[in-house]
Amino acid sequence: MTGAESGIISSLCPRSPGASRIIRQRMQLNLEDIRSIVGDVVYDRGLAYMRSCRVLTLTQRAGAIDATVRGSGRNIYAQEIAVSSGGAGFDIAGHCSCPVGYNCKHVAAVLIEALSRKQALGATASAPIDETAPAAPAAIPDAVAAWLQRVESAAAAIRPPPAPEQDAKARKGTDYRLIFVLAPTPRSGHASLSACKARLRVNGEIAAADQVRDLQRALSNPPAYIRAGDEDLLRLFIAMQDVTHYTNPYCEPRGIVGAQLLRMLLDQQKLLWANSLADLSRGLVHPLKAAPLRRANLVWQEDDNRLHLAWQFEAQADNHQASAASRMIDYVLITDPPWYVDNLSCGELILLHDGDPVDADAVLALVAQTPALDRKHAFAVSQQMVTRGLAAIMPLPARLPQVVRTDVAADMTLHLDSVAHSGGSQRTGAAGVTWADYAMLLVSYDGQQVTLDGAEPAPRAVIRHSAQGIEKIIRDHAAERAALQLLA
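Read left to right, the sequence shown gives residues 10 to 497 (the numbering used here).
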């Protein structure tokens, strides 16, 4: 057992109903107890999360352990863990906002982190968990350390300047103002926007915030914190929901109105981010800054041997070395045009597939409905997508075999015909019908017909999909040009 594994938690929470399996006849909880409760697989994954510094916060509140853990991709999950002791032993009840929900790898990571932190601090069995200390540091690559320094500099740059010194009379009152906060929607992978009443500290920082529940009343009888220009923002927020009688205090930004509202909020510096709605009451909100227009493509992202459709920024011309993981987008909003939220920045997005713009409304809806795909099914799903002609809409989860053929000759046929013509100096047939004669050069490669119009550069190859793979037939451009010149 390592030094960390010999750590203990002695500040125990009240017994929680429905708690998991009891560890008996032990007076101090250690990592072997955690492994026994959550199982080997969950324990090992939790240990990997802890070693990757994914435990973001860890606090003790009224006998319970509260924490947040960065999950897969852009998700941040909240944990509330109760550890209780009695004559029979220990109970552990760890609730998490992730899809698993109970005694998951995130809960295991928090408990392991707590044990490791207590051992690193040399805490006694009776010492409480430090409520403010960050997660125990671990060795990280130099590139990551440099990135953390850049984030720290960026945070300092966007931090609002300190408010001017107020006199004693002004300090007696509490100041409020209207803000709008984007936060993850639990178990959906989306972000919702809330209209909030923020309480300010003397220096102008936000001490706490609460959702505005009665938006209609805030418009009809504006409270003191509704200032000039705020009513227009509230009207747009209500209009975005497209409801008649009842409005929610939060909703997902959508449509043209949603894009307009986001732009106005950024311009007025009233758009902020919270990692969860629970963070509002603690004032844990962060300003969002305006970001430039970006381009993005759909990719399949793997997590725990399962594939998920996600959006990835297109590599920028001045930074081709950026890894694929660093270009994953935190959130894509279903506004018109689409917007993105990434690394405390927000801006417009152009959605692409194979380099061409896509119908954002249709694609965003399809991506939201895509289930997680087991890695072992990826090849079969790719075959089905190709067979149904879906490869032009969505990326394939697995690469299919590709064959390049240069042995297929162009099959050319001159098609002659006539069509009824409404006017002109064409020949006239029976009953005065005017006919127009025409010739059409038909070119095909192994049955795959191509168009010759000479207007634009012709594609280099004919692409043919099948369940067995992708076949690329290289076209004979020289023969095609010669045939067109002969007809001319």
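The beta-carbon is built from N, C-alpha and C at its ideal position, and this holds for glycine as well.
With distances taken Cα to Cα, identify the nearest neighbour of residue i among the options.
i      : options                           : result
Gln321 : Arg291, Ile359 and Ser354         : Ile359
Thr68  : Arg60, Asp53 and Val78            : Val78
Ala217 : Gln458, Leu361, Met449 and Asp184 : Asp184
Pro380 : Arg473, Val417, Ile74 and Leu318  : Leu318
Asp455 : Ala467, Leu353 and Ile472         : Ile472
Pro347 : Arg222, Pro468, Val372 and Gly398 : Val372
Leu286 : Gln494, Thr194, Val47 and Thr443  : Thr194
Glu356 : Ile343, Pro366, Asp446 and Asp365 : Per the sequence shown, residue 356 should be read as Gly rather than Glu. Nearest option by C-alpha distance: Ile343.
Pro404 : Leu495, Ile338 and Asn306         : Asn306
Cys260 : Asp75, Leu495, Asp100 and Ser197  : Ser197
Apart from the five residues just before and just after residue i, which ones in its own chain have a Cβ nearer than 6 Å to its Cβ?
i      : result
Asp485 : Ala419
Val413 : Lys481
Leu280 : Phe189, Leu274 and Leu297
Asp139 : A caution first: Asp139 carries a pLDDT of 43, below 50, which makes its placement in the model too unreliable to give a value.
Asn314 : Arg384
Tyr340 : Ala200 and Val350
Leu409 : Ser391, Gly478 and Ile479
Val376 : Leu318
Arg336 : Gln321 and Phe322
Ala488 : Ala419
Between which residues of its own chain and residue i is the CB-CB distance below 8 Å, once the five residues before and five after are set aside?
i      : result
Leu56  : Ala117, Ala118 and Ile121
Glu240 : Leu228 and Pro231
Leu224 : Ala204, Leu243, Phe246, Ile247, Thr256 and Pro258
Leu316 : Trp309, Gln310, Ala381, Leu382, Asp383, Arg384, Ala387 and Pro406
Tyr447 : Leu425, Asp426, Ser427 and Val428
Leu187 : Ala204, Cys205, Lys206, Ala207, Val221, Tyr234, Ile235, Arg236, Asp239, Leu242, Leu243 and Lys279
Gly398 : His474
Ala179 : Confidence at Ala179 is low in this model, with a pLDDT of 46, below 50, so its placement is unreliable and the value that follows should be read with caution. None.
Residues in the same chain with beta-carbon distance under 7 Å from residue i, minus the five sequence neighbours each way, listed in chain order, please.
i      : result
Thr422 : Leu451
Arg222 : Pro258
His295 : Leu281, Trp282 and Leu353
Val417 : Tyr454, Asp455 and Ile482
Throw me the rounded Cβ distance for the residue i and residue j pair, which I believe falls under 8 Å.
i      : j      : result
Lys114 : Val211 : Between Val211 and Lys114 the Cβ distance is about 42 Å, and since that is not below 8 Å, they are no contact.
Gln88  : Cys105 : 5 Å
Ala200 : Ala192 : 7 Å
Arg304 : Leu361 : 6 Å
Gly103 : Ile90  : 4 Å
Val395 : His474 : 4 Å
Ser332 : Asp219 : With a Cβ gap of about 39 Å, Ser332 and Asp219 do not count as contacting.
How should residue i be labelled, buried or exposed, when 16 other C-beta atoms within 10 angstroms of its C-beta is the threshold for buried?
i      : result
Asn112 : buried
Tyr349 : buried
Ile265 : exposed
Arg267 : It is Gly, not Arg, that sits at residue 267 in the sequence shown. The residue in question, Gly267, is buried, as its Cβ has 16 or more Cβ neighbours within 10 Å.
Pro301 : exposed
Ala73  : buried
Met59  : buried
Ala429 : exposed
Ile449 : Correcting the residue identity first, residue 449 is Met in this sequence and not Ile. Exposed, because fewer than 16 other Cβ atoms sit within 10 Å of the Cβ of Met449.
Thr460 : exposed
His424 : exposed
Val47  : buried
Ser135 : Any answer about Ser135 is weak, because its pLDDT of 39 lies below 50 and its placement is not dependable; what the coordinates show is given next. Ser135 is exposed by the Cβ-count criterion.
Ser125 : buried
Val64  : buried
Pro262 : buried
Asp365 : exposed
Asp251 : exposed
Asp288 : buried
Any beta carbon of chain C sitting closer than 8 Å to that of residue i?
i     : result
Arg44 : The question asks about chain C, but that chain is absent: this structure has only one protein chain.
So within the segment 254 to 315, which uninterrupted alpha helix (DSSP H) runs reach at least 4 residues, ignoring any that extend past its ends? 264 to 276
Which ranges would you report for the alpha helix (DSSP H) in the segment 219 to 254 if only whole runs of at least 4 residues count? 224 to 229 and 239 to 250
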